[in-house]
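Here's the structure, in structure tokens; my notes come after.
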Amino acid sequence: MKKILFIASEAVPFIKTGGLADVVGSLPKELDKRYFDCRVILPYYSCMAQKWKDMLQYKTNFYMDFNWRSNYVGIFECEYEGIKFYFIDNQDYFTCDRPYAGMPYDIGRFSFFSKAALSILPTIGFRPDVIHCHDWQTGLVPVYLNVNFQDNEFYRGIKTVMTIHNLKFQGVWDIKTIRDVTGLPDYVFTSDKLEFNKDADMLKGGLVYANAITTVSRSYAEEIKMPYYGEGLDGLMRARSGDLRGIVNGIDYTDWNPATDKYIYQNYDPRTFRKEKVKNKTALQKDMGLTEDPDAMLIGIVSRLTDQKGFDLIAYVMDEMCQDAVQFIVLGTGEERYENMFRHFAWKYGGKVSAQIYYSNEISHKIYAGSDAFLMPSQFEPCGLSQLIALRYGTLPIVRETGGLRDTVYPYNEFEGTGTGFSFTNYNAHEMMGTVRYAEQVYYDKPHEWNKMVDRAMAEDFSWHKSALQYQELYDWLIG
Ligand code: ADP
Ligand code: GLC
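If you count by my numbering, then the sequence shown holds residues 3 to 482, one letter each, in order.
This is the structure in structure tokens:
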């Protein structure tokens, strides 16, 4: 049995802020259980829902040196859908009302977490063959493993994988602080290791020390070797290109299934969507303050409201787009200016624009099912799960051709009768609007073509199956 350990800052169902949680929550289940024993370590955040906290069992505790003192490390555990999860408890670090506290607090919280996650392994009796780390919060795991844990036989020979879900966030702070907090030796703070523009970069540490690097789509794996997407690490990405692969994310096909989804108003499948899907739209329109009209094209957005997702493009042309015969429904939280922007448009175009500024899994399901199209004009997108969910629900994505969006949405070609959505190339508001209008045209003037596109979208397979095999191959290759 090969032993794989995920270390991450979020995982469904326990705690989620974005797609990272979906991936960490679903990929372990998809590995072939006959050959892989995959477990997960998360922080014990006080802000986890009580329902999940009640499921966790206290196991034991010990003390660990970190940040010039001896720190309590509590271990909780539980099994969920066949996967063992461990939680690292220390109230000084993980008492919170949301998982991320911002910089510089998160430096201390997640370096503590990374070191503690390694430290608990002998106690829980799990010696992984491969440790799979996710994003900057766990960047120090490969570093600590190489620098602090090699004296102990138990840790020798453990391989590491670092997965980049988003290169924009790297955990950068001044060297002095990071050296002090982490206790790492001077020699790791050089430009070939953690140093980055005179600061220390936790993700870079992971990328230098990990045995293999992956990111969440093929296109993004190529893009981050270039300055525009490389966030200053494109040189390192080029240098390590032999160890870097892009493996596209999947989605959980049980959670996201319009035929069985408990949250949506009316279930449907590829055979019945022509009649049934629209019932989701009218019910949603009714509940969310939109004009009830089965014929009006409804465009959905479910997203973190940040620059990454292209909201400045929307801001620029929203007034113009609202002159058309379309409706918009937005579910999201994030930067205040975008939250207020959507509130403003909802006020200005009552009945046409609905702004749901909060987080709700249930409402997200209703929007994926009830919308006709899904808008995601991202500036960059390592993978993107929302467009995959939209495809599964026969809701045609309108996307910018970048990263995972480019790899998973095939643009409509009216001459060949191919495609599963609509896309544009340049990060330009009018190009986006042109594409939205093209989609409107097809929707209103060629409903037959539109439905054929929905057929194709729903026939795509973005379950984990293929990608899980690629991760297994990678683990096999590392273990040798
Ligand atoms: P990212 O990880 O960059 O935020 P992804 O597309 O990979 O983008 O994943 C986003 C996930 O978070 C999707 O499952 C999406 O449905 C969900 N999501 C985002 N915002 C909300 C919200 N306000 N309410 C419910 N789910 C949300
Ligand atoms: C990040 C990316 C997103 C990706 C997700 C899961 O949050 O922004 O594109 O789908 O991680 O890998």
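Built from N, CA and C at the ideal position, the CB exists for glycine as well.
By the beta-carbon neighbour count (other beta carbons within 10 angstroms, threshold 16), residue 409 is buried. A residue is called buried when at least 16 other Cβ atoms come within 10 angstroms of its Cβ; residue 189 does not meet this threshold and is exposed. Bounds of any alpha helix (DSSP H) do not take in residue 62; it lies within the beta strand (DSSP E) bounded by 59-68. Beta-bridge annotation (DSSP): residue 329 is paired with 300.
Residue environment for residue 81: exposed (fewer than 16 other C-beta atoms within 10 angstroms of its C-beta). Rounded to the nearest angstrom, the Cβ distance from residue 477 to residue 132 is 5 Å, consistent with a contact under 8 Å.
The three-state reading of DSSP puts residue 169 in coil, since its state is none of H, G, I, E or B. The alpha helix (DSSP H) runs of length 4 or more contained entirely in the region 368-416 are, from start to end of the chain, 388-394, 405-410. Within the model, the alpha-carbon separation for residue 35 versus residue 162 is close to 20 Å.
Between residue 387 and residue 282, the C-beta gap is not smaller than 8 Å, which leaves the two residues out of contact. By the rule of a C-beta closer than 7 Å to any heavy atom of ligand 2, the residues picked out are 20, 21, 22, 24, 25, 167, 168, 218, 251, 310, 383, 384, 385, 386, 387, 405, 406. Annotation for residue 139: 11, 112 place their beta carbon closer than 6 Å to its own, counting only its chain and skipping 5 residues before and after. Residue 392 places its beta carbon less than 8 Å from that of residue 370. In this structure, residue 141 lies near residue 204, with their beta-carbon atoms less than 8 Å apart. For residue 356, the enclosing beta strand (DSSP E) starts and ends at 355-358. Going by DSSP, residue 426 is part of the beta strand (DSSP E) stretching over 424-426. In the three-state reduction of the DSSP assignment, residue 253 falls in the coil class, being assigned neither a helical nor a strand state.
Listed as beta-bridge partners of residue 175 by DSSP are 202.
Residue 398 places its beta carbon less than 8 Å from that of residue 456. Three or more beta-carbon pairs drawn from the region 141-161 and the region 209-225 are found closer than 8 Å, and the two stretches are therefore classed as touching. In this structure, ligand 1 has a non-hydrogen atom nearer than 7 Å to the beta-carbon of residue 304.
With contact defined as three or more Cβ pairs closer than 8 Å, the region 83-93 and the region 115-122 are in contact.
Burial state of residue 287 is buried, judged by a 10 Å Cβ sphere holding 16 or more other Cβ atoms.
Judged by the Cβ position, residue 243 fails to qualify as a neighbour of ligand 1 at the 7 Å threshold, every heavy atom of the ligand being at least this far.
Here the C-alpha atom of residue 33 lies approximately 43 Å from the C-alpha atom of residue 292.
Residue state for residue 79 is assigned as strand, using DSSP reduced to three classes. Within the model, the alpha-carbon separation for residue 221 versus residue 248 is close to 7 Å. For residue 13, the secondary structure class from DSSP, reduced to helix, strand or coil, is strand.
Residue 319 places its beta carbon 8 Å or farther from that of residue 460. When the beta-carbon positions are compared, residue 374 and residue 445 come within less than 8 Å of each other. Here the alpha carbon of residue 422 sits roughly 49 Å from the alpha carbon of residue 151.
The nearest non-hydrogen atom of ligand 1 is less than 7 Å from the C-beta of residue 391.
Here residue 30 is buried, its C-beta having at least 16 other C-beta atoms within 10 Å. Of the candidates 70, 108, 411, the residue whose Cα lies closest to the Cα of residue 45 is 108.
It is roughly 20 Å from the alpha-carbon of residue 156 to the alpha-carbon of residue 62.
Between residue 265 and residue 364, the C-beta gap is smaller than 8 Å, which places the two residues in contact.
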